[in-house]
Amino acid sequence: MTGNGSHPRGGEWGGLLLPILGSFVSFAIVFTVTFYFANGRSFKPGHLREQAQADSTQAPEVDSLAIMRAQLDSLQNLVDSTATVLKQLSAEVARRQEELKNLQNKLASASDAVHQEKLRRARKIANILAALPDSAVAAMAARLPDDLLVAVLQKSREKDAAKLLAVVGPSRAAGLTRKLVNLN
Numbered sequence: 000m001t002g003n004g005s006h007p008r009g010g011e012w013g014g015l016l017l018p019i020l021g022s023f024v025s026f027a028i029v030f031t032v033t034f035y036f037a038n039g040r041s042f043k044p045g046h047l048r049e050q051a052q053a054d055s056t057q058a059p060e061v062d063s064l065a066i067m068r069a070q071l072d073s074l075q076n077l078v079d080s081t082a083t084v085l086k087q088l089s090a091e092v093a094r095r096q097e098e099l100k101n102l103q104n105k106l107a108s109a110s111d112a113v114h115q116e117k118l119r120r121a122r123k124i125a126n127i128l129a130a131l132p133d134s135a136v137a138a139m140a141a142r143l144p145d146d147l148l149v150a151v152l153q154k155s156r157e158k159d160a161a162k163l164l165a166v167v168g169p170s171r172a173a174g175l176t177r178k179l180v181n182l183n
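In this text, residue positions in the sequence shown follow numbering that gives the first Met the number 0: the first is 0, and each later residue adds one.
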């Protein structure tokens, strides 16, 4: 045996070296495993550097995305307000259409009332003409417009209508008869 001490491999330092080396290796293994689990299983040595570079190159894209999102929000607000205005306008149009329908009904009623009054008056004139002598009927019929005479003929009895047509003359009687036939 050569050497320093009783240990066959190098003396006293040899007996201490192995436990120190074992402790160091155990510490390194525990530290590595702890670091591995603490930072996630996908940890790569250059990962942080790459992420920092990616963040700096993505910053303009993130800013432009934020701007686009703000513009989209603005457009959505515009669409919402436009939809509200359209609903209000639609309600206004519906209200006006209802008013128009009511006015048309009133106009139709008034027009019908006027028409009924004209018919009543034509009937009254027809009765008056029937009661008059032929000379008075001829004088009156000469001064009445054709439209009124047609209305009177329409409301007269056949005998009274024939008497009226006889006193107005043949050409005017023919015109009145045509108008009477063409009434709708």
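C-beta: ideal position from N, C-alpha, C; glycine also.
In this text the structure is predicted, and so the values were computed from the model without any measurement.
Nearest neighbour of residue i, chosen from the options [CA to CA]
{"i": "Gly-174", "options": "Leu-152, Lys-158, Arg-156", "result": "Leu-152"}
{"i": "Gly-146", "options": "Asn-104, Leu-64, Leu-182", "result": "The amino acid occupying residue 146 in the given sequence is Asp; Gly does not appear at that position. Ranking Asn-104, Leu-64, Leu-182 by Cα distance to Asp-146 puts Leu-182 first."}
{"i": "Pro-144", "options": "Arg-119, Ala-172, Glu-157", "result": "Ala-172"}
{"i": "Asp-159", "options": "Asp-133, Val-180, Ser-170", "result": "Asp-133"}
Rounded C-alpha distance that separates residue i from residue j
{"i": "Gln-96", "j": "Lys-117", "result": "31 angstroms"}
{"i": "Ala-107", "j": "Leu-77", "result": "44 angstroms"}
{"i": "Val-167", "j": "Ile-124", "result": "16 angstroms"}
{"i": "Thr-1", "j": "Ala-27", "result": "In this prediction, Thr-1 scores a pLDDT of 49, lower than 50, which makes its location untrustworthy; the coordinate-derived value is nonetheless stated afterwards. Using only the alpha carbons, I get a separation of about 34 angstroms."}
{"i": "Asn-126", "j": "Ser-155", "result": "7 angstroms"}
{"i": "Ala-129", "j": "Lys-105", "result": "36 angstroms"}
{"i": "Ile-66", "j": "Ser-80", "result": "21 angstroms"}
{"i": "Val-92", "j": "Gln-70", "result": "32 angstroms"}
{"i": "Leu-64", "j": "Val-84", "result": "30 angstroms"}
{"i": "Ser-110", "j": "Asp-72", "result": "56 angstroms"}
{"i": "Val-32", "j": "Leu-74", "result": "52 angstroms"}
{"i": "Glu-60", "j": "Val-29", "result": "41 angstroms"}
{"i": "Leu-99", "j": "Leu-88", "result": "16 angstroms"}
{"i": "Val-136", "j": "Gln-103", "result": "40 angstroms"}
{"i": "Lys-86", "j": "Ala-112", "result": "39 angstroms"}
{"i": "His-114", "j": "Arg-94", "result": "30 angstroms"}
Neighbourhood of residue i by C-beta distance below 8 angstroms, restricted to the same chain and skipping five residues each side
{"i": "Leu-148", "result": "Ala-140, Leu-163, Val-167, Leu-175"}
{"i": "Leu-131", "result": "Met-139"}
{"i": "Ala-121", "result": "Leu-147, Ala-150, Val-151, Gln-153, Lys-154"}
Within-8 angstroms CB hit, residue i to chain C
{"i": "Leu-102", "result": "Absent here is chain C; the protein component of the structure consists of one chain."}
Cβ neighbours of residue i in the same chain (closer than 6 angstroms, five flanking residues each side left out)
{"i": "Lys-178", "result": "Val-149"}
{"i": "Ile-19", "result": "none"}
Run through the stretch 66 to 103 for me and flag every whole beta strand (DSSP E) of 3 or more residues, listed as ranges in chain order.
Whole beta strand (DSSP E) segments, 3+ residues: zero.
Going residue by residue through the stretch 120 to 170, where are the continuous alpha helix (DSSP H) segments of at least 4 residues, counting only ones entirely within it?
133 to 142, 145 to 154, 157 to 166
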